[in-house]
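Here full-length UniProt numbering is used: position 61 in the sequence shown is 61, and no number is missing along the way.
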Amino acid sequence: MSDSNPNSILSHGERVVAELLADGLSTEEIAATRDVSHEEVEKSIDRIYEKTERALVTLAESPFTTEVGVKNEETRANVVKAFDDDSEGGSSKRADL
1 MSDSNPNSIL SHGERVVAEL LADGLSTEEI AATRDVSHEE VEKSIDRIYE KTERALVTLA
61 ESPFTTEVGV KNEETRANVV KAFDDDSEGG SSKRADL
């Protein structure tokens, strides 16, 4: 779990939280699973959200977005899947904060 992409800008702990959110766990369940406070989980979610926003802005501004996306089919497929999941109503994970 959570070490699937060493190029991720998320820390190991943030990747764990992101995966648990994707699995449908609540912030309380994540806190219990990780043996941390609810506040710590909320802070991790905030950092994940902020990093996601920054990453999307970077993608929009970078002259290399197309080049990198074309070269790495797995990355491109993961990004497309993430947008597809969100468009199906699947991914506003901040709703339970």
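For each residue, glycine too, the CB sits at the ideal point set by N, CA and C. Quick caveat: nothing in here was measured; it's all calculated off a predicted structure.
Rounded to the nearest angstrom, how far is the Cβ of residue i from that of residue j, given a contact under 8 angstroms?
i          : j          : result
residue 59 : residue 52 : Between residue 52 and residue 59 the Cβ distance is about 11 angstroms, and since that is not below 8 angstroms, they are no contact.
residue 33 : residue 25 : 7 angstroms
residue 55 : residue 9  : 7 angstroms
Along the alpha helix (DSSP H) that carries residue i, what are the first and last residues, could you check?
i          : result
residue 46 : 38 to 61
residue 24 : That residue, residue 24, is in no alpha helix (DSSP H); it is neither H nor E in DSSP.
Determine the contact status of residue i and residue j, defining contact as a CB-CB distance below 8 angstroms.
i          : j          : result
residue 36 : residue 27 : no
>> Could you check whether the region 43 to 52 touches the region 8 to 27, counting it as contact only if at least three pairs of C-beta atoms, one from each stretch, sit closer than 8 angstroms?
In response: Enough Cβ pairs lie closer than 8 angstroms, so yes.
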